[in-house]
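Structure first, then comments.
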Amino acid sequence: MAIFKDKNYFRVDLSKEPDESLWMRCKSCGELVFKRRIRENNNICPNCGAYFFLTAKERLESLIDEGSFVDISKPIMDDDPLEFTDTKPYPKRIEEAQEKTGLASAIILGSATVSEIPVVIGVMEFQFIGGSMGSVMGEQICHGMEEAIRRRVPFILVSSSGGARVQEGIFYLMQMAKVATVRTRLAEEGIPFISVMTYPTTGGVLASIASLGDVIIAEKGATIGFAGRRVIKDTIAEELPENFQTDAFALAHGAIDRVVPREDLKDELGKLLSLFVEVG
Ligand SMILES: [Zn+2]
C-alpha cells in the first residue's frame, strides 16, 4: 500500500508545550494538586502516589535529557485503504485524534539522549485512537530501527497501545510481520533494543514489537496482555487469576525482565544503556 506523504505533516516540538491550567484534581484521592508540583514529581500524585496518565509528549519528556529531542519521523499520514466507516469515517477519526493530541499519528519518533547516551526513541500516544498500530505507526517504528542502525545507537520503544488499527483491515496485520522483520536487522547489526511497556500494552503491539526487546521493562502498574480479560474468560470458560495481565503476572511468567516504578524509569534506562554502550 502506498502511504501518502503529506505536505502538511507536522512535527513534534517539545519546547512549544502550552501549560493550559495550573491545578488538577487527582482522580485517585480527590485532592486538588498543583500541576507543576506533579510534573516535578514524575507525574505522580504528591498526595497519594497515584500515577497520572501520561501523554506521549509527557512520557518522552520524563525519560530523555531536556532539550535533546529532535523529531525524525517520516512525513507520512494515515491512508484509508478500506474507506472504512464505523460510527464515523476513518479519516474523520484520524483528524479528530490529530486535533486532540497535536500529533500527526499515534507515535512520536525522534533522536534524543538518555543520561547523555544518544538513542532513537519511539513513544506511542494512547489518546490517538488507542495508540493503535496501523500502516503509519508500523512504518515509523521500522524507520526508527533503521535510523538506529544507521546512527549506531540503541533503539527504545515505549508502548502504550490497545493493539492493532483494525480500521486498516489486513494492512494492520502486515505491520506486525514488518516490524518483527526489521527488528531482526537490529539484532544482526548488534544494535540494542529496549522495550518499555506502559499502561496498557496489549493486542497486536504486545504480540509483535513490544515483546521483542533485548530487554523488556514494564512500568509499575502496566497492563500487559493480548485480548481483554472478559474475552479470554468467556472463551476458555474458566476463572482467571486475580493478578492476570498485571506487571507482576508478566514478570512471574517470564514475559518481561523487570518492573520499574515510574520515578526510577529514566535512571533505569540510563543504567541499562550504559551496559550496552561505551560512555565517554
Ligand atoms: Zn492523589
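With my numbering, the residue at position 187 of the sequence shown is 172, and numbering never jumps.
Note that CB positions come from ideal geometry on N, CA and C, so glycine has one too.
- Taking C-beta atoms as the reference points, Asp232 and Ala203 count as a pair closer than 8 Å.
- Leaving aside the five residues that flank Asp242 on each side, the residues in its chain whose CB is nearer than 6 Å to its CB run, in chain order, Val200, Ile201.
- The way I'd put it, the stretch 112 to 119 doesn't touch the stretch 46 to 56; fewer than three beta-carbon pairs between them come closer than 8 Å.
- For the pair Pro139 and Ile93, the CB atoms are not nearer than the 8 Å cut-off.
- In the displayed model, Arg(-4) falls within coil according to three-state DSSP, outside both helix and strand.
- According to DSSP, Leu17 shares a beta bridge with Arg10.
- Where Ala162 is concerned, the enclosing alpha helix (DSSP H) starts and stops at 155 to 173.
- Annotated as proximal: Val143 and Thr183, with beta-carbon spacing under 8 Å.
- Here the stretch 168 to 177 lies against the stretch 123 to 137, with 3 or more beta-carbon pairs under 8 Å apart.
- Each of Thr40, Arg168, Glu46 was checked against the Cα of Glu25, and the nearest Cα belongs to Glu46.
- Per DSSP, the beta-bridge partners of Phe178 are Phe140.
- Per the coordinates, the alpha-carbon of Met161 lies some 10 Å from the alpha-carbon of Val167.
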